[in-house]
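In the working numbering, the protein residues as written are 766 to 879.
As structure tokens, this is what we get:
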């Protein structure tokens with residue numbers, strides 16, 4: 766949910782209904798569609814619905830390993846890209862420590878995940 770929200774923030778320059786912090790991105794036709802969030806949710810919900818019907822977790826042993834690997838690899842990728850970006854450009858000159866436009870969504874997602 767947080768990733769979908771980040772995509773919406775990046776595409777539309779802020780929260781829907783609230784004027785963004787910057788101009789909208791110029792993207793290809795499908796990515797610039799106003800219903801993109803609904804398409805992404807539909808793509809995610811369709812394969813997950815049958816998986817939710819399975820009651821015994823032992824059938825998900827392989828998928829749990831794949832999911833764990835994806836989490837570990839994506840975390841490593843983010844750390845490597847962050848460190849390379851930091852070494853190339855240095856720390857930010859203007860750092861916005863608090864941005865209220867996405868704070869409540871972040872807190873809500875954190876509480877839900879916990």
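C-beta atoms are modelled at their ideal positions from N, C-alpha and C, and glycine is treated no differently.
So, with DSSP's three-state summary, where would you put residue 873? helix
Return helix, strand or coil for residue 865, following the three-state DSSP convention. coil
Just verifying my parser: in three-state terms, what is the DSSP assignment at residue 800? coil
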